[in-house]
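Numbered according to our numbering, the sequence shown terminates at residue 655, and the numbering increases by one at each position without gaps.
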Amino acid sequence: MRISKLYLLIALATCGHANAADLALSPWAPNLNAEAMAFVNTTQRLTASPRDGLQLVDAKGTELARFNGNFTSLDTRAAGSQTLVASLDNDRQQALLISLDASAKTFGKPLYLPTRDYAVNGLCLYRDSAANLFVFLVGEEGKGEQWLVGNGATLLSEAQRVRGLPLPPSAEFCQVDDGARRLVVNETNVGWWAYPAHPEADVKRTPVALFDNPKREAGAIALVPGGVIALDPKTAQLHLFQQSGERWVEQPRLTLPGLKEPEQLTLNGQTLLVRDDDSGKLYQGTLNWKAKPVAGEPVLPEVTAVRQTDPVGRQGDAADDPAIWIHPEQPSKSRVLGTNKKQGLLAYDLDGKLLQELAVGRLNNVDVRPNFKFGAHTVDLAVASNRDHNSLSLFSIDRKTGELREAGEVPTPLKAIYGICLFQPASGEIYAIANDKDGTFLQYRLSAPDGRVQGELVRQFKVDSQPEGCVADDQRQRLFIGEEDVGVWAVDARADQPAKLTSVIKVGPQLHADVEGLALYQSDKRDYLVISSQGNDSYLVVDAEPPFAIHGAFRVGLNAAAGIDGSSETDGLEVTAINLGGPWSQGMLVVQDGRKRMPEQAQNFKFVPWADVTRTLKLP
C-alpha cells in the first residue's frame, strides 16, 4: 500500500465525522449474566457466561437450554438445522467447539482444541467455499493460530492445526467475513486490521482504520457485507467503515448513550446487542446503517489432492517443478520427479514417498522423455536447469527400476538459467529448450554417442521479459512458453523453423501474473494446456489447439478427510493422461505447493486425480 493511502486511512479514523448521532438503546434480559452474545436465529440467542455456561435463550432472555461451564468469547455458524458454536472454556483454558440443535434445544458432544502455550484472548469462526470450518485463536503477545474443526454440519473428531498467524500484540477481538475470506482483528491502541482468512493465503495485513489518539480505543467488531462495525469503548461509539476499493471510508458515527464501558458487540441484520462492562448489563438497538455490497473475487471451484509428497529437505522457497516419468511396462511403478532449487533432484513414488535424492545443486525446472541413446544403452532421460552452473544437468532413468543416475552436464552461455522443457519429434531425437531470466531461449540437440552427453545449439530466440515455464507438444511440434507478466505464447518447436510467437492467452481477468508452470494433458479425446496462474493461486485449463478455447479455472483446496492442505503460490506443475492405476485411472496432476500447511512444513508437491478436474470443470 502506498504511504499516501495509509495516511488517508489514519486521517479518516482520527478525524471521522464531527457529528455523531445517538443510537437508541433499551435494556435487554436484565437477569442474564453474559460475557458474550450471538444470534442463533430471529427468535433465539446464545450467551456465554463464567457463571451460567452457554445458554440458549429466547428473544426475551428466557433460558431454553444450557451447557454448564465457565465460558467467555463466542462465535457461531449456521449449518442446516445445527448451529456450530465456538467459545473459550476458562476452567480448562481451552477453546471449545460444540453443536447446538436450537429446535430440539440440545447441545452436542464438545470438541476441545489442545491446550495452547499462550493465553487465548478471543476466537472467531470461518467457513470456506468448500464448507470447511475453521477457528481462529487470538492470543497474547501477537500469537494467533488457525485450526480446522469441521466440515458442513459435522465437527471433526480431532481438530487439526493449519497454521500460525502473527497478530497485533494487544488483540482481543476478531471476526471473519466468509464471502470476502477476510479476517478482521483489533489492535487496542492502534485500530483495526484485515488479514486474508483462507489458509492458503499469504500472511499480510491491511488497515481498516488506524488512529493516533490516546482517547481512542479499538474494541469489538461486527461485520456486514461490505462493511465493518467497530466499537470504541473509551468514547462509547460505534464506527462504521464502508469498503471502497482498497480502502475503507468511515460513515457517520453512532454514540451509545448511557454506556460507560461497552465491551461486546453482536449483530443480526439490523438488530444489535451490546454489553456494558461497567454494569454487566445488556442492551439492544436497531442499526439503521447498511453497507453497500462490494463485488468480491469470483469463487473458483476446488478439487483436492489425495496424496502429497514428503516435504523437501530445505526450508523457504525450495520446491519448484515436477515431472512424471512413466514406467514403460508397469505404470503403477511410475515416478514423480521434483526439483529442490536449494539442493537437487528428488524422486517419489505415486504415494508421495521419497525414493531418491540427488544433491547435485540448485535445480530449477525438470522434464523427461523416453528412449535416449546413451552409448550402447537405451535409457529414459531427465534434464534439469542447473542454476549453480548455468547448465543443463542430465540424468538417466533405468527403464525397469526407475532408478536415476547422474549422466552428465551441458554448459550454456546463459547468465541466469531458469526454466527448461524437452521436445521429442517423431524422429526420436531429444531437444532441450532452456531460458534465461532476460528472456533468451536456447534450443539444444542432446546426444551421447559414446556415453558422454553433449548438446548442440540449434536455435536461439527471445521474448521481451522474464519467462520460466514451457512445455512441448511433440505430436504437433508446438512449443508453449510462459512470459510471467505477459501471458502464454505458442511457437514452432522445430529447430529449423522461425520462432514466430502466437498469443495463446494474455494476463488478465482469468490468468493472473505470475504465469508459472505449463503442462499438457493429452488423451485420445482431447488435449489441454494447464497453466499455473500464480497470482490468484489457481490453475487454468485451455485447449491445446487454436483458437485455444478456455475451459475454466480451479483451485486445489484442503482435503479434510485425508489431512492434506491445499496448494498455493504454485511454481511448476505436470500432468499425464496415462492410467497409473488407483485414483490415477484418468491421469494425474502434480502441483508444487508454495505454502505447506497442516502442519506447517517445508514445501512439497500435491497429487490430484485428473478425473476430479474433468468433473469439476465439466470438460468435454
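Built from N, CA and C at the ideal position, the CB exists for glycine as well.
DSSP, reduced to helix, strand and coil, places residue 125 outside both helices and strands of the structure shown, so it counts as coil.
Secondary structure in the segment 266-297: the beta strand (DSSP E) runs of 3 residues or longer, each lying completely within the stretch, are 272-279 and 282-285 in chain order. Within the same chain, Cβ atoms closer than 8 Å to the Cβ of residue 530 are found at 466, 478, 480, 493 and 494, the five residues on either side in sequence being excluded. For the set 330, 329 and 293, the Cα lying nearest the Cα of residue 312 is the one of 293.
The beta carbon of residue 362 is closer than 7 Å to those of 368, 369 and 437 in its chain, skipping five residues each way along the sequence.
Positions of the beta strand (DSSP E) runs, each at least 3 residues long and wholly inside the segment 570-640, are given as 573-578, 585-592, 608-611 and 623-628 in order along the chain. Taking 7 Å as the cut-off, the Cβ atoms of residue 427 and residue 445 count as close. Listed in chain order, the beta strand (DSSP E) elements of length 3 or more contained wholly in the segment 499-541 are 502-508, 513-518, 522-527 and 537-541. Three or more beta-carbon pairs separated by less than 8 Å link the segment 608-624 to the segment 346-366, which places the two stretches in contact. In the DSSP assignment, residue 645 falls within the unbroken alpha helix (DSSP H) covering 645-652.
Between residue 174 and residue 155, the C-beta gap is smaller than 7 Å, which places the two residues in contact.
Exclusion of the five residues before and after residue 331 leaves 214 and 215 as the residues of its chain whose Cβ lies within less than 7 Å of its Cβ. CA-to-CA, the gap between residue 626 and residue 218 works out to about 27 Å. Collapsing the DSSP output to three states places residue 428 in a strand.
At the C-beta level, residue 343 and residue 322 stay beyond 7 Å of one another.
Put simply, the backbone Cα of residue 211 is about 14 Å away from that of residue 200.
Of all alpha-carbon atoms in 232, 203 and 234, the one lying nearest the alpha-carbon of residue 221 is that of 203. Taking the Cβ atoms as the reference, residue 180 lies roughly 5 Å from residue 172, within the contact range of under 8 Å. By the 16-neighbour rule on beta-carbons within 10 angstroms, residue 274 is buried.
Residues 338, 339, 340, 341, 591, 623, 624, 625 and 626 of the same chain have their beta carbon placed closer than 8 Å to that of residue 643, with the five preceding and five following residues left out of the count. Within the DSSP bridge table, the entry for residue 412 names 409 as partners. Contact between the segment 443-459 and the segment 414-431 is established, with three or more Cβ pairs separated by less than 8 Å.
A distance below 6 Å between beta-carbons, with the five flanking residues on each side excluded, links residue 620 to the following residues of its chain, in chain order: 614. Under DSSP, residue 563 shares a beta bridge with 556 and 578. Our two residues, residue 272 and residue 633, have alpha carbons roughly 40 Å apart in a direct line. For the pair residue 353 and residue 117, the CB atoms are not nearer than the 7 Å cut-off. Annotation: the continuous beta strand (DSSP E) that includes residue 61 extends over 60-63. Classified as exposed, residue 390 has fewer than 16 neighbouring CB atoms from the shown chains inside 10 Å of its CB. By the Cβ test, the segment 131-140 is not in contact with the segment 560-571, since fewer than three Cβ pairs between them sit closer than 8 Å. Judged by beta-carbon spacing, residue 453 lies beyond the 7 Å limit of residue 491, meaning their Cβ atoms are not closer than that value. The beta carbon of residue 464 lies closer than 7 Å to those of 480 in the same chain, with the five residues before and after it left out. Note that the C-beta distance between residue 197 and residue 191 is not below 7 Å.
Per DSSP, reduced to three states, the secondary structure at residue 164 is coil, with no helix or strand assignment.
Here the alpha carbon of residue 600 sits roughly 27 Å from the alpha carbon of residue 505.
Bridge pairing for residue 109: 122 [DSSP]. Residue pairing by DSSP leaves residue 484 without any beta bridge partner.
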